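Notes follow once the structure below has been shown.
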Amino acid sequence: MVVPTPNSYPRLIDLPSSAEDRVVALECAGLIAPSGPIPLQNVTHLMFGTLNRGVLTAHAPTIIVMPLFAGQHDALSMVETLEHFGYRGRIFVIAPPLPRPALVERELRAAGPGDRLMLVSP
10 MVVPTPNSYP
20 RLIDLPSSAE
30 DRVVALECAG
40 LIAPSGPIPL
50 QNVTHLMFGT
60 LNRGVLTAHA
70 PTIIVMPLFA
80 GQHDALSMVE
90 TLEHFGYRGR
100 IFVIAPPLPR
110 PALVERELRA
120 AGPGDRLMLV
130 SP
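Numbering (my numbering), first residue to last: 10 to 131.
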């Protein structure tokens with residue numbers, strides 16, 4: 010995946026940075042500060058394989074950030090799992106440059122989260 014920078018990903022400004030937000034980053038190694046360029050605060054990093062209802066409840070995230078593609082997982086499968094677990098917070102999906110990002114965003118939103126999901130792509 011292309012490493013995002015605020016200049017190449019203008020919608021990064023929409024990502025949260027409030028101290029009140031509890032952010033869980035799924036499969037985001039190298040994307041979220043301090044090791045990556047996305048400056049989010051109060052972030053808990055988790056591998057998707059460790060996620061279950063109990064873990065989700067324990068962390069009580071208001072926001073979940075994930076890449077569009079992550080090893081054996083993609084955002085669609087992660088979104089469907091979050092919906093199955095009853096997650097109702099916001100979801101930000103970080104994507105590389107795409108030919109039709111609005112189409113991908115609509116497909117991800119159709120998996121359940123609707124307007125709670127935003128695709129962040131250059």
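Glycine included, C-beta positions come from ideal geometry on N, C-alpha and C. Just so it is clear, the structure is predicted and the values come from calculations on it, not from any experiment.
Going by beta carbons, Ser86 and Leu107 fall outside the 8 angstroms limit. When C-beta atoms of the stretch 59-79 are compared with those of the stretch 90-108, three or more pairs fall below 8 angstroms, so the two segments count as touching.
Distances from the alpha-carbon of Val32 to those of Glu114, Leu49 and Gly45 put Leu49 closest. In the three-state DSSP reduction, Asp30 falls in the coil class, being neither helix nor strand. If you draw a straight line from the Cα of Glu114 to the Cα of Phe57, it is about 20 angstroms long. In the DSSP assignment, Arg115 falls within the unbroken alpha helix (DSSP H) covering Pro110 to Ala119.
DSSP places Leu65 inside the alpha helix (DSSP H), whose first and last residues are Arg62 to His68. In this structure Val52 is buried. Its beta-carbon is surrounded by 16 or more other beta-carbon atoms within 10 angstroms.
Rounded to the nearest angstrom, the Cβ distance from Arg62 to Arg99 is 19 angstroms, too far for a contact under 8 angstroms. When DSSP states are grouped into helix, strand and coil, Phe101 belongs to the strand group.
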